[in-house]
Every structure is written in structure tokens, then in C-alpha cells.
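Student: Here it is: the structure, laid out below.
Protein chains: 2
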Amino acid sequence: MTEPTDRKVIDLKGLKVACQECSLRDLCLPVGMSVQDIDRLDHIIRRKRPLHRGDYLYREGDELHSLYAVRSGSVKSFSVSEEGEEQVLGFHLPGELVGLDAIHDSTHHCSTIALETTSVCEIPFDALEELAQEIPGLQHQLFRLMSRELQNDEHFMMVLGKKSSEEKLSNFLVSLSQRFSSRGFSGTEFMLSMSRNDIANYLGLAVETISRLFTRFQNNGLIEVDRKFITIRDLEGLRRLAGPQCGGHMGAHRG
Amino acid sequence: MTEPTDRKVIDLKGLKVACQECSLRDLCLPVGMSVQDIDRLDHIIRRKRPLHRGDYLYREGDELHSLYAVRSGSVKSFSVSEEGEEQVLGFHLPGELVGLDAIHDSTHHCSTIALETTSVCEIPFDALEELAQEIPGLQHQLFRLMSRELQNDEHFMMVLGKKSSEEKLSNFLVSLSQRFSSRGFSGTEFMLSMSRNDIANYLGLAVETISRLFTRFQNNGLIEVDRKFITIRDLEGLRRLAGPQCGGHMGAHRG
DNA sequence: CGCTGCTTTGAACAACTTCAACTTCTGTGG
DNA sequence: CCACAGAAGTTGAAGTTGTTCAAAGCAGCG
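Protein sequence lines correspond, in order, to chains A and B.
Counting in numbering that gives the first Met the number 0, the first sequence runs from 0 upward without gaps.
Counting in numbering that gives the first Met the number 0, the second sequence runs from 0 upward without gaps.
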């Protein structure tokens with residue numbers, strides 16, 4: 000499981016950054032762990048070569064081998080119903096862990112693909128579990144991360160069930176803005192790596208509705224839309240539209 | 000934390016059953032643990048006196064002290080928005096664990112109340128975490144339970160986002176039926192412990208819609224409704240209405 | 001008995017979807 | 001480098017589903 004040699008090789012290629020030096024350290028698994036413990040974690044993690052747009056991280060039905068932490072880029076999780084209809088479950092940005100929902104029965108119930116060029120850290124689950132057994136801080140952080148996912152889901156369930164289309168989309172945008180900010184990117188200018196279709200699917204709306212909302216938001220001076228590039232002109236206004244408790248970090252589910 | 004004396008006293012009152020003898024053993028925390036380990040778990044669990052309808056297990060904003068396993072009866076989790084609007088997050092039957100979403104920041108973000116006379120096992124989280132550090136099987140089962148919640152949420156998100164009102168309600172009923180069955184109760188005749196309002200709120204619909212659907216389902220010979228008592232007359236028909244992959248055990252979220 | 005709260009039912013209304021047509025973008029091959 | 005085909009996005013008009021509002025029916029309970 001541990002591959003120090005391999006890691007060094009990848010390091011030379013510029014793909015590898017140890018957890019210790021990773022800018023996502025404070026958002027990811029290592030939170031609350033000692034330097035020594037992070038080093039142990041580091042040794043089970045495999046840095047993979049970057050994925051291209053459309054590459055699968057894993058597919059629905061696959062056995063669970065590893066969890067994945069997004070390092071750069073973004074991924075989308077979705078499942079496909081028997082009739083072939085896709086359901087988008089979430090979008091994941093750097094520092095977010097995907098695959099947690101597969102632990103239950105060691106099987107992935109959704110697929111995850113890269114939305115753009117994306118690099119991830121692969122974390123073999125068996126090794127992670129063993130390590131968590133030895134490192135209390137790691138066990139705790141795993142519990143915390145899973146619990147946070149549950150909280151996110153709660154918030155999202157409320158958005159899906161109780162909000163109008165306007166509120167849904169503004170919630171989505173505010174959430175993206177916040178997540179970009181906390182990762183050191185601009186919270187007011189960013190690129191949507193997903194299609195309108197994906198957004199619509201995710202929010203339980205029709206593509207046409209999303210399109211109309213984008214134009215409406217733009218006309219109201221809330222945002223500026225240029226294809227996939229979004230500029231937020233009035234974050235406070237968006238927040239107001241999103242309704243109260245819109246703090247909930249939405250858009251990240253499952254993987 | 001461990002209160003053997005107290006436990007014996009409660010035992011005499013007929014409230015206490017050790018995990019070992021509990022009929023919910025195979026649905027709850029002890030899954031996959033050895034007899035000895037279950038005994039250790041048993042020692043940190045506090046059996047509380049029964050709650051009455053409307054009693055709070057914990058409130059939104061409370062600090063996390065314990066997780067709770069429903070032993071009998073049922074509870075409802077919900078949060079209240081700033082405008083005072085309630086959002087029902089889930090209903091929990093015996094054998095289900097509530098409070099997991101509070102681990103993230105040691106704070107409950109929803110309230111949980113008893114829908115009827117209900118007894119629960121209180122599991123102090125600190126002690127549980129310590130024990131999980133020593134008992135690999137317990138750590139694993141905790142990961143599994145949290146992961147299952149994530150999977151449930153996924154399924155529910157799909158129901159909320161993509162399904163019609165008919166599909167939502169039939170999904171709900173099928174899920175209840177399954178959960179009652181696997182707990183040894185009748186899967187075709189049961190009492191709804193929650194109000195129409197709660198169901199509507201949970202499914203993101205209006206009360207009136209739920210009411211109309213109940214009458215429609217009854218007219219179509221799918222179910223028989225007598226106040227809170229439901230008799231399922233055509234489970235297969237309901238399943239068909241619920242759409243594919245309706246297996247997902249729905250209705251249990253958050254707590 | 002007469003509240004009070006929950007449920008049911010009807011009718012009008014609104015929000016969002018669907019359908020259809022058109023535009024813009026993207027990328028591929030000549 | 002341009003042309004073209006297919007995908008993605010936008011826009012308008014009509015159609016549905018579910019909501020809202022209003023009112024009446026019913027069970028439980030002091």
C-alpha cells in the first residue's frame with residue numbers, strides 16, 4: 000500500500016506534494032493531526048496522474064477500494080436510474096473527499112468523473128481504516144468529515160424541498176462563491192466547470208429554467224454571465240435571494 | 000460514564016435490555032462485534048426512561064453530548080429557519096441512530112422529538128469514540144452507519160429533485176413498509192406516527208397534496224387509509240408507482 | 001357540549017416544465 | 001484556416017403539476 004519510491008518518482012514529475020506542504024492541508028484529512036501522524040497518512044496516499052475531462056474516478060457498481068481527495072480541478076458525482084436518466088449528486092472542489100458513501104457496503108452507488116483536468120489523491124480505504132485505528136486524530140477527522148457531509152445533505156434537502164428556483168440557484172452560486180473563497184480562489188469571479196444541464200439536474204430544475212434565471216440575475220445586476228465565466232456583482236443581494244441560513248456549504252455531495 | 004448500578008435498576012423496571020439481548024442488535028451499533036466487545040459497548044450506553052410524544056431528545060443549537068439509538072417508538076428530526084418555518088429532515092424507527100450530523104462541530108443543527116411514546120439508548124459520544132479507537136469492529140460499524148446515512152440521503156435527494164408527488168409519496172410508503180418489515184413489524188399494516196403535515200413538509204409538498212394523494216391511492220386500490228392507520232393492499236403497485244431503484248431506504252435522515 | 005387542531009375537498013392561480021425553434025459555441029476534418 | 005456538424009445554451013408560447021386560499025368535515029378532549 001505504501002509506495003515511497005513511487006511517490007518520489009511522481010514528485011519529480013511535479014505532481015506530488017506531501018500532505019504537510021499541501022495548501023489544502025487545513026480543509027482535508029490532516030486537520031487536527033500531528034506532524035508525525037500526517038507523515039504516516041502521507042505514506043498510504045497515492046498521487047495519481049491528472050485526469051482529463053470525462054475520465055472516471057470510479058463507476059457505479061465498482062467495489063470500494065479507495066477514497067479520493069480532490070487536489071485540483073473538480074469532479075461530478077452522479078447515478079443513473081434504470082431508465083438511463085442521470086441524477087447529479089454533487090460537485091467537488093479541491094480539498095473535498097469523495098467515495099465516503101461507498102463504505103456502507105463496500106460498493107460505489109454513484110459514478111464520479113472529472114469535469115476538467117483534475118488531480119486527486121487516492122487513499123486506499125483499508126489502509127486508512129487501519130491508520131484511523133491507530134491515530135485518534137485521524138479517526139476523529141474522518142468522523143467529522145462524514146458528519147459534515149451529513150450536515151451538507153441536510154441543508155441541500157431543505158433547498159430541494161422548500162425553495163423556489165430563484166432561491167435554489169442563488170444558493171448554489173453563493174455556496175460556490177464561499178467554497179472558492181475558502182480555497183484561496185476568487186469568490187466573485189470563477190468558472191463553472193459544469194454545464195447548465197448539470198446545474199439544472201442537480202437543482203431539480205429544467206435547463207431552460209437555469210438559463211432564464213441566469214439572464215434574470217444578470218438583468219437584476221446580481222451577476223454577470225459570460226458563457227461559463229461568472230462574475231458576482233452583488234453577493235449580498237444573492238445571499239438575500241438565497242434566503243436565510245444560506246450559509247450551508249452546498250453543492251458538495253456524495254462521491 | 001458507565002453506570003452498571005443504574006443500569007440494573009432500570010433493568011428491574013423492564014426498560015433495560017443489554018445490547019446482547021436486544022432484538023435490534025443486528026440493525027444497530029453492535030453489528031459485527033464480538034460478544035466481549037458488545038459488552039464493553041453495553042457499559043457506556045445509558046438506557047433512558049421513555050419519552051412522551053413531543054419530548055425533545057435534543058434541540059437545535061445544543062452541544063453534542065450523546066448519540067441516540069431509537070429502541071421503540073419513533074422520532075422526528077427537523078430544523079427551524081430564521082423565519083420560523085419548520086423543515087422536517089427525517090423520521091427514525093427502532094434501531095436507527097440519531098445525532099450523527101452533530102459530530103462535525105459538536106453542535107446539533109436540528110432538533111429531534113418523540114412522535115409517540117419512545118425509548119432510546121443514549122450513547123455518550125466521547126466514550127463511544129474512545130471505544131471505537133480500541134475496537135476495530137466498532138469503528139468500522141460507525142463508518143458504515145454514517146456511510147449508509149449518506150447513501151440514504153443520496154436516494155432521498157433524487158426523490159426530492161426528480162420525482163412527482165405521486166412518486167414521492169409511494170416511495171415514502173414503500174420505504175416505511177420495508178423498514179417496518181425488517182424490524183419484525185407488519186410491512187402491510189402500520190400506524191403513521193407523524194401528521195400529514197409532517198409528511199408533506201418532509202416530501203416538499205403541500206398538506207393538501209398529501210391528503211389528495213391518500214384518497215387517490217385508496218381509490219386506486221393501492222392502500223387503505225383509516226386516519227393514521229395504513230393498510231397496504233398492493234405493495235407491488237406502490238413499488239411500480241415509486242419508480243425504479245425505489246429500494247432505497249428512505250424516510251430516515253438526520254437526527 | 002363545544003372547543004381546537006388536523007384533515008379533506010373544491011376552485012383559482014402560479015411556478016415551472018415541455019415543446020419547438022433558433023443561436024452560439026466547440027472541435028474536427030478537409 | 002475555414003467549413004460544418006453536433007452539442008450546448010437561449011428564448012418564446014403553451015401546458016401541467018402542484019400550490020394557495022377558502023371553507024367545511026371530523027376526531028379527540030377539556
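Glycine residues also receive a C-beta, built at the ideal position from the N, C-alpha and C atoms.
How would you call Ala113(B), buried or exposed, if buried means at least 16 neighbouring beta carbons within 10 angstroms?
Tutor: Within the second sequence, residue 113(B) is the residue found at index 114, counting from 1. With 16 or more other Cβ atoms within 10 Å, it is buried.
Student: How close, in whole Å, do the beta carbons of Arg58(A) and Ser110(A) come, if the pair is a contact with beta carbons under 8 angstroms?
Tutor: Counting from 1 along the first sequence, the entry for residue 58(A) is found at position 59. Counting from 1 along the first sequence, the entry for residue 110(A) is found at position 111. Indeed they touch by this definition, with Cβ atoms about 5 angstroms apart.
Student: Quick check on Gly94(B): buried or exposed, where buried means 16 or more other Cβ atoms within 10 Å of its Cβ?
Tutor: In the second sequence, counting from the first residue as 1, residue 94(B) sits at position 95. Gly94(B) should be labelled buried.
Student: Does Ala131(B) get closer than 9 angstroms to chain A when you measure Cβ to Cβ?
Tutor: Within the second sequence, residue 131(B) is the residue found at index 132, counting from 1. By this cut-off, Ala131(B) is an interface position.
Student: Using a Cβ cut-off of 9 angstroms (strictly closer), state whether Gln177(A) contacts chain B.
Tutor: Within the first sequence, residue 177(A) is the residue found at index 178, counting from 1. Not an interface residue.
Student: Roughly how many angstroms lie between the CA atoms of Cys120(B) and Arg46(B), to the nearest whole one?
Tutor: Position 121 of the second sequence, counted from the start, is the residue given in the question as residue 120(B). Position 47 of the second sequence, counted from the start, is the residue given in the question as residue 46(B). Cα to Cα, the separation comes out at about 5 angstroms.
Student: Going by beta carbon distance, what residues of the same chain come within less than 8 angstroms of Leu144(A), once the five residues before and after it are set aside?
Tutor: Here residue 144(A) refers to the residue found at position 145 of the first sequence. Once the five neighbours on either side are set aside, the close Cβ partners of Leu144(A) are Leu28, Leu96 and Leu99.
Student: Would Leu11(A) pass as an interface residue toward chain B - the criterion being a Cβ-Cβ separation below 9 angstroms?
Tutor: Numbered from its first residue, the first sequence carries residue 11(A) at position 12. Note that Leu11(A) has pLDDT 40, beneath the 50 cutoff, so the model's placement of it is unreliable and the number below is only indicative. Not closer than 9 angstroms to any Cβ of chain B, the Cβ of Leu11(A) fails to qualify, so no.
Student: Could you tell me the distance, in whole angstroms, from the CA atom of Glu223(B) to the CA atom of Ile231(B)?
Tutor: Counted from its first residue, the second sequence places residue 223(B) at position 224. Counted from its first residue, the second sequence places residue 231(B) at position 232. Distance between the alpha carbons of Glu223(B) and Ile231(B) is about 6 angstroms.
Student: Examine the Cβ distances between the stretch 236 to 244 of chain B and the stretch 164 to 171 of chain B and report whether three or more of them are shorter than 8 angstroms.
Tutor: Contact between the stretch 236 to 244 of chain B and the stretch 164 to 171 of chain B is present, because at least three Cβ pairs lie under 8 angstroms.
Student: If you draw a straight line from the alpha carbon of Phe171(A) to that of Ile209(B), how long is it in whole angstroms?
Tutor: Numbered from 1 along the first sequence, position 172 holds the residue referred to as residue 171(A). Numbered from 1 along the second sequence, position 210 holds the residue referred to as residue 209(B). Cα-Cα distance, rounded: 29 angstroms.
Student: Quick one: what does DSSP say Thr116(A) is sitting in, helix, strand or coil?
Tutor: Along the first sequence, read from residue 1 onward, the residue named residue 116(A) stands at position 117. Coil, per DSSP.
Student: Listing by chain order, which chain A residues have their CB less than 7 angstroms from the CB of Met157(B)?
Tutor: In the second sequence, residue 157(B) corresponds to position 158, counting from 1. Gln86, listed in chain order.
Student: What are the residues of the stretch 34 to 57 of chain B that lie near chain A, defined by any Cβ-Cβ distance shorter than 9 angstroms?
Tutor: So nothing in the stretch comes that close.
Student: Take Gly89(A) as the anchor and find which of His64(B), Ser65(B), Met157(B) and Gln140(B) has the nearest alpha-carbon.
Tutor: On the first sequence, position 90 is the one that residue 89(A) refers to. The candidate whose alpha carbon is nearest that of Gly89(A) is Met157(B).
Student: Mapping the DSSP letters down to three states, classify Glu223(B) as helix, strand or coil.
Tutor: By one-based count along the second sequence, residue 223(B) stands at place 224. Of the three classes helix, strand and coil, the one that applies to Glu223(B) here is strand, per DSSP.
Student: Glu62(B) CB to nearest chain A CB: under 9 angstroms?
Tutor: As a working mapping, residue 62(B) is identified with position 63 in the second sequence. With 9 angstroms as the cut-off, Glu62(B) does not count as an interface residue toward chain A.
Student: Can a CB atom of chain B be found closer than 9 angstroms to the CB of Lys75(A)?
Tutor: Residue 75(A) sits at position 76 when you count from the first residue of the first sequence. No, Lys75(A) does not count as interfacial toward chain B.
Student: Within the 9 angstroms Cβ cut-off, does His91(B) reach chain A?
Tutor: Position 92 of the second sequence holds residue 91(B). So no, His91(B) is outside the interface.
Student: On the DSSP bridge assignment, give the partners of Ile122(A) in chain order.
Tutor: Within the first sequence, numbered from 1, the residue matching residue 122(A) stands at position 123. Paired residues: Leu66(A).
Student: What residue range does the beta strand (DSSP E) around Ser73(B) cover?
Tutor: If you number the second sequence from 1, residue 73(B) lands on position 74. Looking at the DSSP string, Ser73(B) is not in any beta strand (DSSP E), and its letter there is neither H nor E.
Student: Is the beta carbon of Asn200(A) less than 9 angstroms from the beta carbon of Gly203(B)?
Tutor: In the first sequence, counting from the first residue as 1, residue 200(A) sits at position 201. In the second sequence, counting from the first residue as 1, residue 203(B) sits at position 204. Not a contact, by the Cβ cut-off of 9 angstroms.
Student: Taking all protein chains shown into account, do 16 or more other C-beta atoms lie within 10 angstroms of the C-beta of Phe334(A), making it buried, or fewer, making it exposed?
Tutor: The requested residue 334(A) is not part of the displayed model; chain A covers only 0 to 254.
Student: Could you check which residue in His107(B), Ile37(B) and Ile44(B) has the C-alpha nearest to that of Ile122(B)?
Tutor: As a working mapping, residue 122(B) is identified with position 123 in the second sequence. Comparing Cα positions, the closest option is Ile44(B).
Student: Thinking just about the alpha-carbon of each residue, which of Val79(B), Gly60(B) and Lys75(B) is nearest to the one in Ser194(B)?
Tutor: Here residue 194(B) refers to the residue found at position 195 when the second sequence is read from its first residue. Nearest C-alpha to Ser194(B): Lys75(B).
Student: Expressed to the nearest angstrom, what Euclidean distance is found between the alpha-carbon atoms of Arg52(A) and Thr116(A)?
Tutor: Position 53 of the first sequence, counted from the first residue, corresponds to residue 52(A). Position 117 of the first sequence, counted from the first residue, corresponds to residue 116(A). Each residue's Cα considered, the two are about 5 angstroms apart.
Student: Have a look at the DSSP bridge pairing and note the partners of Ser110(B).
Tutor: Along the second sequence, one-based indexing puts residue 110(B) at 111. DSSP, once it has assigned bridges, lists Phe77(B) as partnering Ser110(B).
Student: Okay, do the stretch 123 to 140 of chain B and the stretch 126 to 139 of chain A touch, 3+ Cβ pairs below 8 angstroms being the bar?
Tutor: They touch, by the three-pair rule.
Student: Beta-carbon within less than 6 angstroms of Leu26(B)'s beta-carbon, same chain only, minus the 5 sequence neighbours each way: which residues are those?
Tutor: Position 27 of the second sequence, counted from the first residue, corresponds to residue 26(B). Excluding residues within five positions, the ones whose Cβ falls inside 6 angstroms are Gly94.
Student: Quick one: grab the DSSP three-state call for Ile231(A).
Tutor: On the first sequence, residue 231(A) is found 232 positions in, with the first residue counted as 1. Here Ile231(A) sits in strand by DSSP.
Student: Closest Cβ-Cβ distance between Cys27(B) and chain A: below 9 angstroms?
Tutor: Taking the second sequence and counting its residues from 1, one reaches residue 27(B) at position 28. For Cys27(B), the answer is no, since every Cβ of chain A falls outside 9 angstroms of its Cβ.
Student: Quick check: Glu153(A) and His108(B), are their CB atoms within less than 9 angstroms of each other?
Tutor: Here residue 153(A) is taken as the residue at index 154 of the first sequence, counted from 1. Here residue 108(B) is taken as the residue at index 109 of the second sequence, counted from 1. Yes. Within cutoff.
Student: Exposed or buried, Phe216(A), counting other C-beta atoms within 10 Å across all chains shown (16 or more means buried)?
Tutor: As a position in the first sequence, residue 216(A) is number 217, starting the count at 1. Counting Cβ neighbours within 10 Å, Phe216(A) comes out buried, since at least 16 surround it.
Student: Exposed or buried, which one is Phe228(A) when buried takes at least 16 other CB atoms within 10 Å?
Tutor: Within the first sequence, residue 228(A) is the residue found at index 229, counting from 1. Phe228(A) is exposed by the Cβ-count criterion.
Student: Which residues in the same chain have their Cβ closer than 6 angstroms to the Cβ of Asp41(B), if we skip the five residues on either side of it in sequence?
Tutor: Here residue 41(B) is taken as the residue at index 42 of the second sequence, counted from 1. Ala17 and Cys18, listed in sequence order.
Student: Ser146(B) touches chain A at which residues, Cβ-Cβ below 9 angstroms?
Tutor: Position 147 of the second sequence, counting from 1, holds the residue named residue 146(B). Ordered by position in chain A, the residues that pass the 9 angstroms Cβ test against Ser146(B) are Leu99, Asp100, Ala101, Ile102, His103, Asp104 and Met145.
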